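For the sequence shown, the numbering used here gives the first residue as -17, with consecutive numbering after it.
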Amino acid sequence: MATIKDIAHKAGVSITTVSRVLNYDKSLSVSDLTRKKIFQAAEDLDYTKKHRVNTAKDSIAVVQWYTEQQELDDLYYLSIRMGAEKMADQLHYKVKRYFAGDSLSDIDEDVKAIIAIGKFSDQQIQTMQKGNRNVVFVDFDTLAKGYDCVVTDFDNATKSVLADFIGNGLKRIGMLSGVEYTNDHRLKIVDPRLEVFRNYLEKQGLYDSQNVFVGDYTLQSAYDLVNQALKKGHQFPNALFVANDAMAVGALKALHENNVMVPDDVSLVSFNDTAVAKYVIPALTAVKVNTGMMGEVAMRLLDQLNMTTSEEENRTPQKVVVGNRLVKRESSLNQAGKSPR
-17 MATIKDIAHK AGVSITTVSR VLNYDKSLSV SDLTRKKIFQ AAEDLDYTKK HRVNTAKDSI
43 AVVQWYTEQQ ELDDLYYLSI RMGAEKMADQ LHYKVKRYFA GDSLSDIDED VKAIIAIGKF
103 SDQQIQTMQK GNRNVVFVDF DTLAKGYDCV VTDFDNATKS VLADFIGNGL KRIGMLSGVE
163 YTNDHRLKIV DPRLEVFRNY LEKQGLYDSQ NVFVGDYTLQ SAYDLVNQAL KKGHQFPNAL
223 FVANDAMAVG ALKALHENNV MVPDDVSLVS FNDTAVAKYV IPALTAVKVN TGMMGEVAMR
283 LLDQLNMTTS EEENRTPQKV VVGNRLVKRE SSLNQAGKSP R
């Protein structure tokens, strides 16, 4: 595994700067460009890029539903985009990037296909697809809408976390999650893991709606939710499943400020396992989502679509589910009831 020193060397900054950026230190005065270099260095060091002569055959668009600033605050989507662009390079496509705030109507006419990362309303999808361009969605289940998509395995991941909690004798189990909206605010997206969480725990007789905290997937939202919950009379969970690493960092901060020990008082498991998860204190146990692979698989699907004829009206859309795994670190109990060392 790459160290903070390796990341600092690759990004051309100090070890202290890397540590503070990866821990989302808001008091650090550093440019967005520097932050992006650090995050990209951390992601890059998980794989070796192959350099080759690029003779682009077509232009494709990578449409990110986040702004560039939001992407820096949620490495999940940054990693997906990097994976897609890496594979696009290997397949000799010229990539044109579009972020939230860029008009979907302004996508260049020479773009032959689109990788759409994130969530989009029906109206946005129609705008992107004008001219019958092929579109593959990542992190958005669009199979029922008739579009190819690549998603991660939320169901089994959630069940594995809950089974791990219960296996360690933890029964007061909570979840820190969120809701989000498409950029045009026409579609509200509820975390699909919430339903899996509720159904699984109801069957075990362990579900308590007061242990479910819903925000907006940001560090600040998680920090506020945990602070508010700790001030209520209801007993706080002794196990907490958190929807992403940014929220987990916010939860850790709130727990620490309230003298709640992790994992002794609260066993905490995050989701995504971005670069941040390894460097916070305590390091996060997390469901590792291979976001880079999600982007790569989406690009391969798009390449297959581009090789079929545009007149093929009866083509069956595909949904690819990329698996994940639970990575144990210091923020959760192991089977012996102690944090892993």
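Don't be surprised by glycine CBs; every beta carbon is placed ideally from N, CA and C.
None of the values given here were measured: they were computed from a predicted structure.
- Setting aside the 5 residues that flank it on each side, Thr256 is surrounded in the same chain by Leu57, Tyr58, Ser61, Asp227, each with a C-beta closer than 7 angstroms to its C-beta; the list follows chain order.
- Inclusion of Met281 and Val118 in the CB contact set at 9 angstroms is warranted, their separation being smaller than that value.
- A check of alpha carbon separations from Pro245 across Leu86, Asp121, Arg311, Gly65 identifies Arg311 as the nearest.
- Among the bridge pairs identified by DSSP, Gly156 is matched with Leu222.
- Val251 and Thr273 have their C-alpha atoms some 18 angstroms from each other.
- Per the Cβ contact rule, the region 206 to 213 is in contact with the region 230 to 238 (3 or more Cβ pairs under 8 angstroms).
- With respect to Glu278, Lys19 sits apart: the two C-beta atoms are not nearer than 9 angstroms.
- According to the DSSP secondary-structure assignment, Ser249 is paired through a beta bridge with Ala221.
- In the DSSP secondary-structure assignment, Gln46 is bridged to Ile99.
- Below 8 angstroms, too few C-beta pairs join the region 84 to 98 and the region 144 to 161 to call them touching: fewer than three.
- Within the DSSP secondary-structure output, Glu278 pairs in no beta bridge.
- Short of 8 angstroms from the beta carbon of Met275, and not among the five residues preceding or following it, lie these beta carbons of its own chain, in chain order: Gly65, Val304.
- For Asp130, the secondary structure class from DSSP, reduced to helix, strand or coil, is strand.
- Restricting attention to Lys112, Asn114, Gly128, Val133, the CA atom closest to the CA of Phe122 is found in Val133.
- Counting every other CB atom within 10 Å of its CB across the protein chains shown gives Arg17 a total of 16 or more, marking it as buried.
- At a Cβ-Cβ threshold of 9 angstroms, Leu86 and Val44 do not count as neighbours.
- Beta-bridge annotation (DSSP): Lys76 is paired with Ser41.
- Counting C-beta atoms within 10 angstroms of its own C-beta, Val178 has 16 or more neighbours from the protein chains shown and is therefore classed as buried.
- In the displayed model, Ile(-11) falls within a helix according to three-state DSSP.
- Taking the C-beta atoms as reference points, Tyr182 is found nearer than 9 angstroms to Leu144.
- For Thr(-2), the enclosing alpha helix (DSSP H) covers residues -3 to 4.
- In the displayed model, Arg175 falls within a helix according to three-state DSSP.
- Met289 counts as exposed, since fewer than 16 other C-beta atoms from the protein chains shown sit within 10 angstroms of its C-beta.
- In the DSSP assignment, Gly232 falls outside any beta strand (DSSP E) and within the unbroken alpha helix (DSSP H) covering 227 to 239.
- In terms of Cβ geometry, Ile97 and Ala70 form a close pair [threshold 9 angstroms].
- For Val161, the beta-bridge partners assigned by DSSP are Val172.
- Contact annotation: Leu27 and Lys(-8) have beta-carbon atoms nearer than 9 angstroms.
- In the three-state reduction of the DSSP assignment, Arg297 falls in the coil class, being assigned neither a helical nor a strand state.
- In the DSSP assignment, Asn116 falls outside any alpha helix (DSSP H) and within the unbroken beta strand (DSSP E) covering 116 to 120.
- Just measuring C-alpha positions, the residue of Ser313, Tyr199, Asp84 sitting nearest Glu162 is Tyr199.
- By the Cβ-count criterion, Thr298 is exposed, with fewer than 16 other Cβ atoms from all chains shown falling within 10 Å of its own Cβ.
- At the C-beta level, Ile42 and Val77 come within 9 angstroms of one another.
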